[in-house]
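If you're matching positions, the sequence shown starts at 1472 in this note's numbering and goes up one per residue.
The beta carbon of each residue, even a glycine, is placed where N, CA and C say it ideally should be.
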Amino acid sequence: MGGNRSHSSSSGSSGNMDGLISFFASHHAIRAEAVLKRNGLAAQLIPGPKDLSPNCGVALRFDYAMRENVLPLLAAKNVRFEGVHFYRPRTDDWNRFQAECR
């Protein structure tokens, strides 16, 4: 069991935060972050993208490749979520472009 944990930790902290979990309520997002970090997995709370979920203002970024480890951990702690998404935030200058056009 300890071997899997260290493997998860090294994989989870790779910096590849291309997964996003959306929630119905922010307290579940906060609990999810704590559960993942306690288990050595990288997790980051972010403002929830409205195009993925209008329900909750908070979402959780994580390594999408680790979803087979993440989902059972959340289920075991009764953390309810809306959906799991592959997500990459925009990296272009879209926001700056919009501001210049106004």
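Residue from the options whose Cα sits closest to the Cα of residue i
i, options, result
"I1492", "L1512, Y1535, A1505 and R1509", "Y1535"
"E1553", "A1505, I1517, L1516 and F1495", "F1495"
"A1576", "K1521, V1529 and N1549", "This structure gives no information on residue 1576, because the portion of the chain shown stretches from 1472 to 1573."
"V1550", "R1559, L1523 and S1497", "S1497"
"A1547", "R1502, R1559 and Y1558", "R1502"
"A1516", "L1523, A1500 and D1522", "Going by the sequence as given, residue 1516 is Leu instead of Ala. The option with the nearest alpha carbon to L1516 is A1500."
Beta-carbon contacts of residue i that lie in its chain and below 7 Å, excluding the five residues immediately before and after
i, result
"R1538", "G1490 and V1555"
"G1519", "S1493, C1527, G1528, V1529 and A1530"
"V1541", "L1507, L1512 and F1533"
Residue i, DSSP secondary structure in three states
i, result
"L1594", "This structure gives no information on residue 1594, because the portion of the chain shown stretches from 1472 to 1573."
"A1555", "According to the sequence displayed, residue 1555 carries Val and not Ala. Three-state DSSP puts V1555 in a strand."
"R1508", "Note on residue identity: the sequence assigns Lys, not Arg, to residue 1508. The answer is helix: DSSP assigns K1508 an H, G or I state."
"N1540", "helix"
According to DSSP, residues forming a beta bridge with residue i
i, result
"L1531", "I1492 and L1516"
Neighbourhood of residue i by C-beta, 6 Å cutoff - its chain only, sequence neighbours within 5 removed
i, result
"L1544", "V1506 and N1510"
"N1487", "D1534"
Nonlocal neighbours in the same chain, by C-beta distance under 8 Å from residue i, ignoring five residues either side
i, result
"R1559", "D1489"
"L1523", "L1491, S1493, A1530, G1554, H1556 and Y1558"
"E1504", "A1514, Q1515, L1516 and L1531"
Residue i Cβ short of 7 Å to the ligand PLP heavy atom set
i, result
"I1492", "Among the ligands in the structure shown, none appear at all, so the ligand PLP cannot be discussed."
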